[in-house]
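The opening position of the sequence shown corresponds to residue 1200 in this note's numbering, with each subsequent residue numbered one higher.
The C-beta atom is built at its ideal place from N, Cα and C for all residues, glycine as well.
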Amino acid sequence: MKKNKSILLSNILLVLLMVAEFILKRNNVSISSLVLKDICILLITIIFNIAIKNDKIKINYSLVAIITLLVGCAFKSFDSFAFLLLYLFIILITISFMSITKYKFEISIVGSVSIIIGLFIIFGLLNILKFSKIILLIITIISLAYLLKNREKSYKIINNMDITTLTVFTILYLVAIIGGVGRYIHSWDEYSYWAYAAKTCINEKSLYAVIEKLGNTRNYPPVATIWHFIVSSFSNEFNESSLYIGISTLVFIYLMPVLTNILENKRKFIIVFTAAAFSFPLLFSGAYTYTLIYVDLLLAAMCTSGLILYDLYKKEKIDRKIYVLILVLITLLKPNGFVFSLTLLLLFYLKDLSIKKIKIKNIFIEIKKYILPGVLIVLAFISWTLLTKSSIIKSTSYDYNLMPAVLKANIGPKLEKQFLLNFFSKLVLSIDKSVIFSFIEIPLFIYLIIVGVMLYVTEEDKDKKIIKVIWPYVIAYIVFFFVTALSLFVMFSKYEAENLASFGRYLNPINIAFFLFALYRITNLKLEKIIPIVCIIIIGFVGFSHITFFLTDIRARRDTGHVSEARRESFKEVIENTEEDSKVFVINQTDEDSIMPLWYARYYCYPRTINSSSTAITWKVKTKENAWDLKKWGLTDRKLEKHLIDYDFDYIFFYSQTDELEKELDEFVDDIDEYEKGKLFKIIKDDQNNLKFELVK
């Protein structure tokens, strides 16, 4: 009776919130769309209450509906209906997956979402993303039809479902919403790739458009971009906050398997364990945070999921297709994703091998079942690389290469004896570099010892000799360590390679995954008291304010809005006075904000083509005052003129300029004082290919 009262009260509150959101948004959104949205929410609520007999599931739905509507009232740009639909869709495909496989919720949510991402990558390659809403509707109808056709089994699955797991996911989903709403694009790689790729894919409804427009980073794999596209398909437009909500939701989904043992054996510790496990990556500096749309944290979560699902495959006979699918998706998440997926595959093989005596016969017997997954991983990597490097998809981006030898990734200069000595010296010293950053810092070698001890202690094999337990992890990690170092050696410039640029960042997904895998296994130990102790230590290291970031970083989030607005305002003149298909050359002569204005311009002036390139300094012109810096590879006034002609630029925009630059370019204007009157100029080309800059007033 109390539950029925709670559901009735929540439904009344739901209606009141719909009315409140309608009143608050009626001047910003068309009234007809608001009415239609509210009618849809009411219909879904009625159908949900009639169809679902489990009151606890109804409470979860009501909680999401109420919170999303509350957030919708507080933030005008937030589409509450879209995220309610996304939640229902994730739950629907998860329950359908559970009904087919009989796996637990935390496993099924990973399997079902991975399949959807994989399908949408295929749809992207077939160039039919413009039909995404129809595709999602068809998937929804098929899922509902399957559940109705097998209604007895479906009702049994729904009624016997572990509501604790659903509730944890519901709360995490709401944390993703509250932590992401009102957050705007503000960081380096968000502008240079992740946000720009998502914006292109969402606006043009095409994966090929991303490859066409991304220039030197066109080979970046599509998993994150496709997921952002799926999330956006539930609303009608590109929204920056949705990118943060979407990526956090996906990280939470791939971390759900961490809860498998705690839900089975030590349920009373679920709150402290969830807080510890899901906040642990925050101890790693840089990209491992829920406040960026970088994919490093997602990569760590997917590696964790792969490890746990392999473990469950060995223990509970879960179909290995699920963890193999995750390995393929890891390959398609980052350019170096295949290194992670092949490392995990190697680890699984070595773990299988460690169970038996190491004989030549066993080596070949055990490797057989890993040949097909290995081929799929390599095939996925090679296929995507060939597709993005082929001339089939023509580049419409600005691809200009003007780079000094010291910044090129040439192998020759890196084969010098002194460089090799420096490189290997830095590689050895990297073992001493801190990976955990808190009130104390922990270097990598100490961290790996801690993880090794945890993996040994949590091993369930009765005959557990430390060498037998640890050697697969040690070998897999050593291979991963040196392959990652080799990739820096090959792909990076001499300067970056010698300084092992971002090396720690490339190692951390595996570092995080191994620890979380060990944490997942701790919950199988008979010593109950060790679980809260370990969790409290982790929470103490992370810090309360980091765990509650979604409540405590409101000021920082507001700052991202101000930053985004100011940066967009810098290019207002370009946006309002140029055609969308035009080419705009941006000059930042004073290096104001370093090279970032080119990436800001490309992002905010989309879909215009901007002279942003990671392989050229084209944002300033060589003059006497900066000749010492630009040397032979800077653009002179003559080179600039030829450049503007050759690349057919329509406008030139002076983000910043100097008196010396104005004198250098005085021949291109009728009156040098025009440089003082405005920043945007139309490029006029006569029959003899002579250029003039005409001030856009």
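- Residue nearest to S1596 within the set L1413, G1536, D1752 is L1413 (criterion: CA-CA distance).
- Looking at the DSSP output, V1820 shares a beta bridge with L1834.
- Three or more Cβ pairs drawn from the region 1861 to 1874 and the region 1883 to 1893 lie within less than 8 angstroms of each other, which places the two stretches in contact.
- Counting along the chain, L1894 sits inside no alpha helix (DSSP H); it lies in the beta strand (DSSP E) bounded by residues 1890 to 1894.
- Membership of E1640 in the beta strand (DSSP E) is indicated by the continuous run 1640 to 1642.
- Within the region 1686 to 1768, the runs of alpha helix (DSSP H) that reach at least 4 residues and sit entirely inside it are, in chain order, 1693 to 1697, 1702 to 1721, 1729 to 1741, 1743 to 1746, 1748 to 1751.
- Distance from the Cα of L1207 is smallest, within the candidate group T1244, T1777, L1233, V1820, for T1244.
- About 14 angstroms separates the beta carbons of P1421 and I1315, which is beyond the 8 angstroms limit, so they are not a contact pair.
- Looking at the DSSP output, N1787 sits in a beta bridge with S1855.
- In the three-state DSSP reduction, Y1846 falls in the coil class, being neither helix nor strand.
- Residues W1818 of the same chain have their beta carbon placed closer than 7 angstroms to that of I1794, with the five preceding and five following residues left out of the count.
- I1376 is not a Cβ neighbour of K1255, given a cutoff of 7 angstroms.
- As the crow flies, the alpha-carbon of W1670 is around 10 angstroms from that of K1664.
- In this structure, the beta-carbon distance from A1474 to I1738 falls below 7 angstroms.
- The closest CA to that of L1213, considering only S1279, V1523, V1527, I1809, is found on S1279.
- Under the three-state reduction of DSSP, K1884 is assigned to strand.
- Here the region 1576 to 1585 does not lie against the region 1782 to 1798, with fewer than 3 beta-carbon pairs under 8 angstroms apart.
- Using a C-beta cut-off of 8 angstroms, the region 1772 to 1784 makes contact with the region 1807 to 1822, since at least three inter-stretch Cβ pairs fall below that distance.
- Around the Cβ of I1222, a 10 Å sphere holds fewer than 16 other Cβ atoms; the residue is exposed.
- Sequence-distant Cβ neighbours of V1650 in its own chain, meaning closer than 7 angstroms and more than five residues away, are F1713, F1714, A1717.
- Only residues of its own chain outside the window of five on either side were considered, and among them none has a CB closer than 6 angstroms to the CB of D1752.
- If you keep only unbroken alpha helix (DSSP H) runs of at least 4 residues inside the region 1543 to 1603, you get 1559 to 1588.
- The three-state reading of DSSP puts L1208 in helix, counting H, G and I together.
- In this structure the region 1460 to 1470 touches the region 1363 to 1373; the number of beta carbon pairs closer than 8 angstroms is three or more.
- In the assembly as shown, G1485 is an exposed residue. Its beta-carbon has fewer than 16 other beta-carbons within 10 Å.
- If you draw a 10 Å sphere on the C-beta of D1858, you find fewer than 16 other C-beta atoms in it, and that means exposed.
- Under the three-pair Cβ rule at 8 angstroms, the region 1846 to 1856 does not count as touching the region 1822 to 1829.
- Relative to the Cα of V1409, the nearest Cα in the group L1586, L1215, K1771, I1882 belongs to L1586.
- CA-CA distance, A1500 to F1451, rounds to 8 angstroms.
- By the Cβ test, the region 1487 to 1504 is in contact with the region 1700 to 1714, since at least three Cβ pairs between them sit closer than 8 angstroms.
- In the DSSP assignment, L1879 forms a beta bridge with F1852.
- Taking G1310 as reference, the option from L1508, Y1407, N1248, N1438 with the minimal CA-CA separation is L1508.
- The Cβ atoms of F1472 and L1285 lie no closer than 7 angstroms to each other.
- Around the beta carbon of L1543, 16 or more other beta carbons lie within 10 angstroms, which makes this residue buried.
- DSSP, reduced to helix, strand and coil, places V1634 within a strand of the structure shown.
- A straight-line Cα-Cα distance of about 13 angstroms links Y1443 and F1428.
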